[in-house]
C-alpha cells in the first residue's frame with residue numbers, strides 16, 4: 011500500500027475481509043440506486059403536482075428530495091457520517107452564514123414595497139414582463 | 165523524496181490534506197450558497213422568472229443529473245479501491261469519473277449552444293444571467309475536478325499518493341451536491 015493511504019483514509023474499510031469489502035460495495039450501490047430512484051421521483055413529482063394543481067407536491071418532490079439526495083451523498087459518499095464532528099460543525103457554520111445572508115437581503119429583493127419605501131423599478135419590471143408574456147408568450151426582461 | 169506535509173501531518177486528528185479539502189468545500193458552500201440564495205430570493209420576488217425558466221431543457225438537465233450521480237458513484241468506488249491499496253483499479257474508476265465529467269460538459273455545451281441560438285443569452289434578463297453564472301461556475305468546477313482527477317489518477321495507477329483519491333473524491337461529490345440543488349432550481353421550478 012502506498013504511504014499515507016491508511017493514515018489519510020477514514021479507516022472505515024481498513025482491516026476488513028473480502029466479505030466486508032463486498033458489503034461496502036453493496037452499500038455504495040444501494041445508495042446509488044436510491045439516488046437514481048429519488049432523481050426519477052424529483053422529475054415526475056412536479057409534473058404530477060402541476061397536473062393535480064398541488065404546489066406542495068411540486069415543492070416536496072423537487073426540493074425536499076434534493077435535500078435527501080444531498081444528505082445521502084454527503085453521509086455515504088463523502089463519509090460525513092463517520093467523519094470527525096468538527097467537520098460537520100464547520101460545514102453547518104457556513105450554511106448558517108448563508109441563512110443569515112438570505113434573511114438580511116431577502117426582504118429587500120422579495121418585497122417590492124414596504125411601510126416607507128417602494129421599489130418602483132422592480133414593480134414596473136414585473137408588471138412589464140408579465141404583460142409582455144401575456145401578449146407575446148415571452149417577456150423582454152432587462153437585467154435590473 | 166520528502167513527503168508533502170499534507171500527507172504526514174495530522175491536525176484535529178484529521179489528516180491535513182483532508183482537513184484542507186473540507187475547508188475548501190466550506191468556502192465553496194459560501195460561494196455557491198450565496199449565489200443560490202440570491203437566485204431563490206429573486207425567483208420568489210419575480211413571478212416572471214417562472215416563464216423564463218420554462219425555456220430551460222429539463223431533459224438535458226435530467227440527463228446531466230444522472231451523469232453526475234453516476235460519476236459520484238464511480239468516485240466513491242475509486243476511493244474504496246484506493247483505501248485497499250489497489251491503485252490501478254482506483255485509477256480506472258477515476259478515469260470513468262472523468263468520462264462522466266466530459267459527458268456532462270458535452271451535454272452542457274450542446275444545451276448552451278441551443279439556448280444561445282434561440283436568443284437566450286446571459287444579457288437577456290436577470291433569470292438568464294443567474295442561469296449562465298450558476299451553471300457556468302459549476303461547469304468550471306467540473307473542468308477543474310476532471311483535470312485534478314486526471315493528475316491524481318496518473319499517480320494512483322502507479323500506487324502512489326493514494327490518499328489523494330479520497331481528497332479529489334470529496335471535491336467531486338461536492339460538485340455533485342451543488343448540481344443536485346441547481347437542477348430543481350433552474351430546470352424543475354417553472
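Chains as they are written, first to last, in the working numbering: chain Z, 11 to 154; chain Y, 165 to 354. For glycine and all other residues, C-beta sits at the position ideal for the given N, C-alpha and C.
Alpha carbon of residue i to alpha carbon of residue j, nearest angstrom
{"i": "residue 57 (chain Z)", "j": "residue 108 (chain Z)", "result": "30 angstroms"}
{"i": "residue 173 (chain Y)", "j": "residue 354 (chain Y)", "result": "49 angstroms"}
{"i": "residue 301 (chain Y)", "j": "residue 125 (chain Z)", "result": "38 angstroms"}
{"i": "residue 334 (chain Y)", "j": "residue 185 (chain Y)", "result": "8 angstroms"}
{"i": "residue 118 (chain Z)", "j": "residue 111 (chain Z)", "result": "12 angstroms"}
{"i": "residue 262 (chain Y)", "j": "residue 277 (chain Y)", "result": "22 angstroms"}
{"i": "residue 217 (chain Y)", "j": "residue 273 (chain Y)", "result": "18 angstroms"}
{"i": "residue 92 (chain Z)", "j": "residue 178 (chain Y)", "result": "12 angstroms"}
{"i": "residue 310 (chain Y)", "j": "residue 340 (chain Y)", "result": "13 angstroms"}
{"i": "residue 225 (chain Y)", "j": "residue 207 (chain Y)", "result": "19 angstroms"}
{"i": "residue 307 (chain Y)", "j": "residue 127 (chain Z)", "result": "45 angstroms"}
{"i": "residue 102 (chain Z)", "j": "residue 48 (chain Z)", "result": "24 angstroms"}
{"i": "residue 30 (chain Z)", "j": "residue 97 (chain Z)", "result": "26 angstroms"}
{"i": "residue 331 (chain Y)", "j": "residue 285 (chain Y)", "result": "36 angstroms"}
{"i": "residue 324 (chain Y)", "j": "residue 60 (chain Z)", "result": "53 angstroms"}
{"i": "residue 212 (chain Y)", "j": "residue 296 (chain Y)", "result": "18 angstroms"}
{"i": "residue 209 (chain Y)", "j": "residue 115 (chain Z)", "result": "12 angstroms"}
{"i": "residue 240 (chain Y)", "j": "residue 136 (chain Z)", "result": "45 angstroms"}
{"i": "residue 256 (chain Y)", "j": "residue 81 (chain Z)", "result": "27 angstroms"}
{"i": "residue 122 (chain Z)", "j": "residue 258 (chain Y)", "result": "49 angstroms"}
{"i": "residue 35 (chain Z)", "j": "residue 243 (chain Y)", "result": "11 angstroms"}
{"i": "residue 24 (chain Z)", "j": "residue 230 (chain Y)", "result": "In this predicted model, residue 24 (chain Z) has a pLDDT of only 49, less than 50, meaning its place in the structure is not dependable enough to derive any value."}
{"i": "residue 348 (chain Y)", "j": "residue 143 (chain Z)", "result": "23 angstroms"}
{"i": "residue 275 (chain Y)", "j": "residue 227 (chain Y)", "result": "11 angstroms"}
{"i": "residue 95 (chain Z)", "j": "residue 132 (chain Z)", "result": "44 angstroms"}
{"i": "residue 18 (chain Z)", "j": "residue 74 (chain Z)", "result": "Residue confidence is low: residue 18 (chain Z) scores 43 on pLDDT, short of 50, so the model does not pin down where it sits. Its coordinate-derived value is still stated next. Rounded to whole angstroms, residue 18 (chain Z) to residue 74 (chain Z) spans 34 angstroms at the Cα level."}
{"i": "residue 336 (chain Y)", "j": "residue 315 (chain Y)", "result": "14 angstroms"}
{"i": "residue 199 (chain Y)", "j": "residue 37 (chain Z)", "result": "33 angstroms"}
{"i": "residue 153 (chain Z)", "j": "residue 64 (chain Z)", "result": "Note that residue 153 (chain Z) scores a pLDDT of 40, beneath 50, so its modelled location is shaky; the value from the coordinates is reported in the next line. Straight-line Cα distance between these residues: approximately 31 angstroms."}
{"i": "residue 180 (chain Y)", "j": "residue 194 (chain Y)", "result": "21 angstroms"}
{"i": "residue 83 (chain Z)", "j": "residue 134 (chain Z)", "result": "42 angstroms"}
{"i": "residue 66 (chain Z)", "j": "residue 54 (chain Z)", "result": "14 angstroms"}
Assigned exposure category for residue i - 16 Cβ within 10 Å defines buried
{"i": "residue 14 (chain Z)", "result": "Any reading at residue 14 (chain Z) needs caution, since the residue's pLDDT is 41, under 50, leaving its predicted position unreliable; the model's value is listed next. So residue 14 (chain Z) counts as buried."}
{"i": "residue 327 (chain Y)", "result": "buried"}
{"i": "residue 247 (chain Y)", "result": "buried"}
{"i": "residue 289 (chain Y)", "result": "buried"}
{"i": "residue 201 (chain Y)", "result": "buried"}
{"i": "residue 292 (chain Y)", "result": "buried"}
{"i": "residue 79 (chain Z)", "result": "buried"}
{"i": "residue 99 (chain Z)", "result": "exposed"}
{"i": "residue 304 (chain Y)", "result": "exposed"}
{"i": "residue 232 (chain Y)", "result": "buried"}
{"i": "residue 182 (chain Y)", "result": "buried"}
{"i": "residue 204 (chain Y)", "result": "buried"}
{"i": "residue 139 (chain Z)", "result": "buried"}
{"i": "residue 220 (chain Y)", "result": "buried"}
{"i": "residue 281 (chain Y)", "result": "exposed"}
{"i": "residue 344 (chain Y)", "result": "buried"}
{"i": "residue 32 (chain Z)", "result": "exposed"}
{"i": "residue 329 (chain Y)", "result": "buried"}
{"i": "residue 105 (chain Z)", "result": "exposed"}
{"i": "residue 197 (chain Y)", "result": "buried"}
{"i": "residue 298 (chain Y)", "result": "buried"}
{"i": "residue 156 (chain Z)", "result": "Past the edges of chain Z, shown from 11 to 154, lies residue 156 (chain Z), and the structure says nothing about it."}
{"i": "residue 72 (chain Z)", "result": "buried"}
{"i": "residue 3 (chain Z)", "result": "For chain Z, the structure presents residues 11 to 154; residue 3 (chain Z) sits outside this window and is missing."}
{"i": "residue 346 (chain Y)", "result": "buried"}
Partners in chain A for residue i, counting only beta-carbon separations shorter than 9 angstroms
{"i": "residue 178 (chain Y)", "result": "Structure shown: chain A not included; protein chains present are Z and Y."}
For residue i: DSSP bridge partner residues
{"i": "residue 128 (chain Z)", "result": "Z:123"}
(message) So, does the region 75–94 of chain Z touch the region 25–44 of chain Z, judging by three or more C-beta pairs under 8 angstroms?
(response) yes
(request) Could you please tell me which residues of the region 58–84 of chain Z, in chain order, have their CB closer than 9 angstroms to any CB of chain Y? (result) 60, 68, 69, 71, 72, 73, 75, 76, 77, 79, 80, 83, 84
(message) Can you confirm whether the region 310–328 of chain Y touches the region 241–260 of chain Y when touching is taken to mean that 3 or more C-beta pairs between the two stretches lie within less than 8 angstroms?
(response) yes
(request) Could you please tell me which residues of the region 124–142 of chain Z, in chain order, have their CB closer than 7 angstroms to any CB of chain Y? (result) 136, 139, 140
(request) Pull out every residue of the region 277–292 of chain Y whose Cβ sits closer than 8 angstroms to any Cβ of chain Z, in chain order. (result) 287, 288, 289, 290, 291
(message) For the structure I just gave you, are there three or more beta carbon pairs, one from the region 252–270 of chain Y and one from the region 180–199 of chain Y, closer than 8 angstroms?
(response) no
(message) Beta carbons nearer than 8 angstroms to chain Z: which residues of the region 250–274 of chain Y have them?
(response) 251
(message) Could you check whether the region 236–247 of chain Y touches the region 137–147 of chain Z, counting it as contact only if at least three pairs of C-beta atoms, one from each stretch, sit closer than 8 angstroms?
(response) no
(message) Tell me which residues of the region 40–55 of chain Z have at least one Cβ-Cβ distance to chain Y shorter than 7 angstroms, keeping chain order.
(response) 42, 45, 46, 49, 52, 53
(request) Can you give me, in chain order, the residues of the region 104–117 of chain Z that have a beta carbon less than 7 angstroms from any beta carbon in chain Y? (result) 104, 105, 107, 108, 111, 112, 115, 116
(message) Against chain Z, which members of the region 312–330 of chain Y pass a CB distance test of less than 7 angstroms?
(response) 323, 324, 325, 326, 327, 330
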